[in-house]
Amino acid sequence: MSRAMTAVHALVGLALAVQAPAAQAAAGKAIKAEAAAGVEAQAKPLQVMIDQVFSYAEPGFQEVRTSAYLADILEKNGFTVTRGVAGIPTAFTATWGSGGPLIALGSDIDGLLGVSQTPGVATLAPLTPGAPGHGEGHNSGMPMIIAAAIAVKAVMEKHHLPGRLMLWPGVAEELLGTKAFYVRAGLFKGVDACIFAHVNTAFGTGYGDLGMNAMVSVEYTFHGKTAHAAAMPWEGRSALDAVEMMDLAWNFRREHLPVSQRSHDVIGNGGGQPNVVPALASNWYYFRDKDFAAVRTLYDTGNEIAEAAAKATGTTVTRQLLGYAAPNFGNKPLAEAAYANIRAVGMPQWSAADQAFARSIQTANGFRLQPLATTVAPLSTPETRGGASIGASDDIGDVMWTVPTITIGYPSNVPNIIFHHATAAMAMATPIAHKGAVVGAKAVAMTVLDLMTTPQLVADAKRYFTDVQQKADHYDPVLAPDDRPAIHRNEALMADLRPAMEKRYYDPARYPTYLEQLGVAYPGPTPAGK
Ligand SMILES: [Zn+2]
6 MSRAMTAVHA LVGLALAVQA PAAQAAAGKA IKAEAAAGVE AQAKPLQVMI DQVFSYAEPG
66 FQEVRTSAYL ADILEKNGFT VTRGVAGIPT AFTATWGSGG PLIALGSDID GLLGVSQTPG
126 VATLAPLTPG APGHGEGHNS GMPMIIAAAI AVKAVMEKHH LPGRLMLWPG VAEELLGTKA
186 FYVRAGLFKG VDACIFAHVN TAFGTGYGDL GMNAMVSVEY TFHGKTAHAA AMPWEGRSAL
246 DAVEMMDLAW NFRREHLPVS QRSHDVIGNG GGQPNVVPAL ASNWYYFRDK DFAAVRTLYD
306 TGNEIAEAAA KATGTTVTRQ LLGYAAPNFG NKPLAEAAYA NIRAVGMPQW SAADQAFARS
366 IQTANGFRLQ PLATTVAPLS TPETRGGASI GASDDIGDVM WTVPTITIGY PSNVPNIIFH
426 HATAAMAMAT PIAHKGAVVG AKAVAMTVLD LMTTPQLVAD AKRYFTDVQQ KADHYDPVLA
486 PDDRPAIHRN EALMADLRPA MEKRYYDPAR YPTYLEQLGV AYPGPTPAGK
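Position one of the sequence shown corresponds to residue 6 (our numbering), numbered consecutively onward.
The following block contains the structure:
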């Protein structure tokens, strides 16, 4: 997929100037310090959670172990867990509290196909060859959110603060596969504000139109008729011809589409063998454009061209929506409150070993040398971004157009790595990931307490959502009533791979860290340059 990481990276990275945030948030300094200490006290269980989810490395819709593991931890900590929400087996909600505002906290949990990597090793070294891996760092997000929520809950219990939390995992985010379905299922009904978190190389947040495209993910399946391709070709109707025809027609049409669009496809099924006219073939398209209306038009055009290709080849076509993402729009009052906390927390104390390992990854893979950041990123605003378009998409957009929402980027990965690649997995079960998640959890916890104790902040966030964001556009996804989450995705693949992957699952009862279980020395040897 394109994506989130790139986007969030850009979101905090594009900002050019530091803006002093308005001091909106007013939770008492003392209770925020208690929450930060509560997170710090959880550094060990947080490390275990990050390492455990890294070792599961499950791709979209197959986060079976990951989901059960995280939900169990929340249940043990007093949250009420509802599993399988929105018709998605690996989705859940975990709620706690009473009265006050309802604050939703989420992060993604899925891995990526084909990027298995041994953590703590700076050269390409799959843990399980051919298996999925956390080549974006989604293993750290929900553990970080859980640590924040547990710390907040303890503070709220101690001080008898009213308020409610709802934790939710982003399932199949790499497929843009679930958040529009969460919204349609009413998961965010009654939610006052949502704080979302994504792994990054920087620590920051932003607001306004974040320059990310709306997106439709759709698979077209053409149905023809088999025949001997040489002896009786006139008896056949080639579904592959239809796929090729559609691609050709789309690429001619591309010249006459708005310059803001981006579209790309893969042929998922091109037939069996050349002497059998393919009766089944499919292509999988991503259509992207800047707003709801533009991406809807693009989708309609794709559907027309698919029908035309079927007509031209004597085949028929069916389609399945596989995912959707709304454009991203961050809430200004929330972003300013969170940013004040990010500045107050500051960056992790990187050790010499952390900096050495970051340098090793960059050296061994031919990336530009850049140390782990030691200052937080500037607040990203419409002014600092200057209207730049990122091109990629993130389905947190669907939540952003439903309730006031921000994304906090936390510094658990190494600068200049390639996302959706094994280099982005190398640090994700090392102290770099662990420390980045600790500071992220502190900022999340402090911002939640601001929301719980400052009715004005909740009111301001809602006013911005209604008066500024809704004036810019309004939520209008392409989902049809019979569109369903693509929960079958990656099922067959994981049935094949899981037995081999299970041998590498982290066992925290026997090893303090996953690196120790794998016998990986940190930061390891200094590699030769590339
Ligand atoms: Zn992501």
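We put the beta carbon where it would ideally sit given N, CA and C, even for glycine.
Since the model is a prediction, treat every value here as computed from it, not as a measurement.
Distance between beta carbons of residue j and residue i, contact taken as under 8 Å
i: Ala448; j: Ile413; result: 6 Å
i: Met161; j: Ala446; result: That belief does not hold up - the Cβ atoms of Met161 and Ala446 are roughly 16 Å apart, past 8 Å.
i: Asp246; j: Asp270; result: Actually they do not touch by this definition, with Cβ atoms about 16 Å apart.
i: Leu456; j: Ile108; result: 5 Å
i: Ala284; j: Thr323; result: The Cβ separation is near 13 Å, so there is no contact.
i: Arg258; j: Thr306; result: 7 Å
i: Ala382; j: Ala207; result: 4 Å
i: Ile437; j: Asp359; result: 5 Å
Residue of the options minimising C-alpha distance to residue i
i: Pro279; options: His233, Ala315 and Ala438; result: His233
i: Ser385; options: Ala427, Ala345 and Trp289; result: Ala345
i: Ala154; options: Ala497, Glu39 and Trp355; result: Glu39
i: Lys337; options: Asp214, Pro238, Gly241 and Arg169; result: Asp214
i: Val408; options: Ala369, Ala127 and Ala185; result: Ala185
i: Tyr187; options: Lys49, Lys163 and Arg88; result: Arg88
i: Ala393; options: Lys295, Ala198, Val473 and Ala35; result: Lys295
i: Ala331; options: Ala349, Ala438, Val483 and Gly371; result: Val483
i: Pro190; options: Ser112, Pro517 and Asp488; result: Sequence check: residue 190 is Ala here, not Pro. Nearest of Ser112, Pro517 and Asp488 to Ala190, Cα basis: Asp488.
i: Asp56; options: Gly524, Pro532 and Leu520; result: Leu520
i: Pro539; options: Leu181, Gly534, Met171 and Lys163; result: An answer regarding residue 539 cannot be provided, because it is not within the stretch 6 to 535 covered by the chain.
i: Asn144; options: Leu75, Gly396 and Lys467; result: Leu75
i: Gly111; options: Val120, Thr123 and Thr98; result: Thr98
i: Met352; options: Pro436, Tyr415 and Tyr329; result: Tyr415
i: Ala202; options: Thr95, Ala152, Ala369 and Gly229; result: Ala152
i: Thr133; options: Ala73, Thr518 and Tyr510; result: Tyr510
i: His493; options: Gly43, Thr183, Lys163 and Gly319; result: Thr183
i: Lys476; options: Phe334, Ala432 and Ala497; result: Phe334
i: Pro532; options: Ala361, Gly273 and Pro517; result: Ala361
i: Leu118; options: Ala177, Leu166, Met147 and Val90; result: Ala177
With 16 other Cβ atoms within 10 Å as the buried cut-off, status of residue i
i: Pro528; result: buried
i: Val157; result: buried
i: Pro26; result: Annotation note: pLDDT 40 at Pro26 (below 50); position unreliable, no value reported.
i: Trp406; result: buried
i: Asp399; result: buried
i: Ser103; result: exposed
i: Thr71; result: buried
i: Pro460; result: exposed
i: Ala30; result: Confidence is the limiting factor: at Ala30 the pLDDT is only 44, short of 50, which leaves the residue's position unreliable, though a coordinate-based value still follows. Label assigned to Ala30: buried.
i: Ala28; result: Unreliable placement is indicated for Ala28, whose pLDDT of 39 sits below 50; the coordinate value is still reported in the next sentence. It counts as exposed.
i: Thr85; result: exposed
i: Ser7; result: Legend: pLDDT at Ser7 = 36, less than 50; position of this residue unreliable, value from coordinates given subsequently. The residue is buried, with at least 16 neighbouring Cβ atoms inside 10 Å.
i: Asp465; result: buried
i: Asn205; result: buried
i: Val264; result: exposed
i: His425; result: buried
i: Arg515; result: exposed
i: Gln67; result: buried
i: Asp472; result: exposed
i: Tyr469; result: buried
i: Asn256; result: exposed
i: Gln474; result: buried
i: Leu16; result: Confidence at Leu16 is low in this model, with a pLDDT of 46, below 50, so its placement is unreliable and no value can be given for it.
i: Arg373; result: exposed
i: Glu63; result: buried
i: Gly138; result: buried
i: Met54; result: buried
i: Gln375; result: exposed
Residues bridged to residue i [DSSP beta-bridge criterion]
i: Arg88; result: Phe97
i: Glu496; result: Paired residues: none, contrary to the question.
i: Gly335; result: Gly213
i: Ala286; result: Phe227
i: Val322; result: Phe227
i: Phe59; result: According to DSSP, Phe59 bridges with nothing at all.
i: Asp400; result: Answer is none; Asp400 lacks a bridge partner.
i: Asn205; result: Pro416
i: Ile150; result: None; Ile150 has no bridge partner.
i: Ala73; result: Per DSSP, none; premise fails for Ala73.
i: Thr410; result: Cys199
i: Asp270; result: Tyr290
i: Arg242; result: Lys230
i: Pro376; result: None, per the DSSP bridge assignment.
i: Ser103; result: Gly168
beta-carbon residue i near ligand 3 non-hydrogen atom, thresh 7 Å
i: Glu45; result: Ligand 3 is absent from the structure shown, which contains only ligand 1.
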